[in-house]
Amino acid sequence: MEILAENIRLLRKRRRLSQEELASAVGITRSAINSYENRLADPPLPVLVRLAEFFKVSIDRLVRQDLSKLRESELSEIDRGIDLDVLGRRLRILTTTVDANSDTLTELVPEKAKAGYTTGYSDPEFIKELPVIQLPFLSKNRKFRAFTISGDSMPPVGNGDIVIGEYVDDWLSMKSNIPYLLVTRNEGIVFKIVKNLLNESGTFLLISTNVAYSPYTIPADEVLEIWKFRYFISSELATTEPSKEAISKSLRTIQEDLSSIKRHLNVP
14 MEILAENIRL LRKRRRLSQE ELASAVGITR SAINSYENRL ADPPLPVLVR
64 LAEFFKVSID RLVRQDLSKL RESELSEIDR GIDLDVLGRR LRILTTTVDA
114 NSDTLTELVP EKAKAGYTTG YSDPEFIKEL PVIQLPFLSK NRKFRAFTIS
164 GDSMPPVGNG DIVIGEYVDD WLSMKSNIPY LLVTRNEGIV FKIVKNLLNE
214 SGTFLLISTN VAYSPYTIPA DEVLEIWKFR YFISSELATT EPSKEAISKS
264 LRTIQEDLSS IKRHLNVP
């Protein structure tokens, strides 16, 4: 595969690696790398997967797209481990279910299915087994999915509530500082206020509405799916009474702000 050979050589040289160093990094021999770059052999699938993971690009990009034709800014993003496919510039494939009239259904991911969703989200058989809910006010022209929420980090949404999200296929278009559901490799299904930092650092900043929880960032390549918050269903009325932890954190924040103001004004 000519394109694959050239891409391996290009990415290796941009990382300033010798054939020996690349071979060691992916667990093969230097002669194997040499044969791939000189089109004497094609890497077997397990090696191709390791190469794609090492360079942090999709296999499809590695074998189909001539990376030498990308702009330097795009190549720099790949050098930093930000695959443009990861950033959502291409259409994402979503597994879904339909009814007898070919209308898209709204699947519900209950608590007991959440652990399996991170591996089964693209498996038609797994998705087909999920229960569905009928909500006539949802647009038939968009794709929605419902998720059961755990924890108390996002009031007024509470533990056991159901959040309905609209599928996001272009992550770069995401507006910041609104709620999203993120399906992640390591943390499962996360519901947070999201600040989109893809262009700056290839990450998302996740913020809770409960101030007892600190914000944190997550790399884009840890995220499998993103759903924009639309509605939530709760069996309880929301309470406005803050927790002791939230009150304490708010007081500490106020004290820190006052101290900063005093220092700025040179007040003893």
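Remember, this note's numbering sits 13 above the position in the sequence shown when you count from 1.
Idealized CB from N, CA, C, for every residue including glycine.
Boundaries of the alpha helix (DSSP H) around Phe67: Leu58 to Phe68.
Scanning the segment 105-160 for uninterrupted alpha helix (DSSP H) segments of 4 residues or longer gives 124-133 and 137-141, listed from N- to C-terminal end.
In this chain, the beta strand (DSSP E) harbouring Tyr229 covers Tyr229 to Pro232.
In the DSSP assignment, Ile21 falls within the alpha helix (DSSP H) that extends over Glu15 to Arg27. Looking from the CA of Ala128, the closest CA among Ile191, Arg265, Val170 and Val196 belongs to Val196. 9 Å or more divides the Cβ of Leu194 from the Cβ of Lys125.
Within the same chain, Cβ atoms closer than 8 Å to the Cβ of Val60 are found at Val39, Ile41 and Ala45, the five residues on either side in sequence being excluded.
Taken through DSSP and simplified to helix, strand or coil, Glu200 comes out as coil.
Each residue's CA atom was taken as its position, placing Glu85 and Ser189 some 27 Å apart. With a 10 Å radius around the Cβ and a threshold of 16 neighbouring Cβ atoms, Asn209 comes out buried. Per DSSP, the continuous alpha helix (DSSP H) segment holding Tyr49 begins and ends at Arg43 to Glu50.
Around the beta carbon of Lys153, a 10 Å sphere encloses fewer than 16 other beta carbons of the protein chains shown; the residue is thus reported as exposed. Cα atoms of Pro149 and Thr117: separation of roughly 12 Å, rounded to the nearest angstrom.
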